[in-house]
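Sequential numbering from 66 applies to the sequence shown in the working numbering.
For every residue, glycine included, the Cβ atom is placed at its ideal position computed from N, Cα and C.
Structure first, then comments.
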Amino acid sequence: MKNGDLIFQTSLSGQSKAIQLTTNSKYSHCGIIFSDEGHFYVFEAVQPIKSTALEEWIALGENGH
66 MKNGDLIFQT SLSGQSKAIQ LTTNSKYSHC GIIFSDEGHF YVFEAVQPIK
116 STALEEWIAL GENGH
């Protein structure tokens, strides 16, 4: 992984199914990878835009993916 890589997941949020149906995709959420002092994070568009530790972001996806 490197800064700027995109990462996708199937979110467990309430609007996830609507996003999947609208986009005809199995994915409903995405973010941008960045590293800081050896740790990876994801910039994600939630209210407000925030950074989340990569491990936490993955755990929030469907089946921990």
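I'd like the list of long-range same chain contacts for residue i, defined as Cβ closer than 7 Å, with 5 residues on each side in sequence excluded.
| i | result |
| --- | --- |
| Gly96 | Ile72, Val107, Phe108, Glu109, Trp122 |
As a quick exercise: from the options, pick the residue whose alpha carbon is nearest that of residue i.
| i | options | result |
| --- | --- | --- |
| Val89 | Ala118, Thr75, Glu127, Lys67 | The sequence given here places Asn at residue 89; Val does not occur at that position. It is Thr75. |
| Gly126 | Lys91, Gly69, Asn68, Lys67 | Lys91 |
| Asn68 | Pro113, Leu77, Glu102 | Glu102 |
Where residue i and residue j are concerned, what is the direct C-alpha to C-alpha distance, given to the nearest angstrom?
| i | j | result |
| --- | --- | --- |
| Ser81 | Ser93 | 5 Å |
| Ala54 | Glu120 | It is not possible to answer for residue 54, since the shown part of the chain is limited to 66 through 130. |
| Asp70 | Gly79 | 26 Å |
Considering only residues of the same chain and omitting the five flanking positions on each side of residue i, which have a CB-CB separation below 8 Å?
| i | result |
| --- | --- |
| Ser116 | Phe99, Tyr106, Val107, Phe108, Glu109 |
| His130 | Gln74, Thr75, Ile123 |
Please go through the same chain and pick out, in chain order, the residues whose beta-carbon is closer than 6 Å to the beta-carbon of residue i, but skip the five residues on each side of it.
| i | result |
| --- | --- |
| His104 | none |
(message) At 3 residues or longer, what runs of the beta strand (DSSP E) sit wholly inside the segment 80-118?
(response) 94-101, 104-109, 115-118
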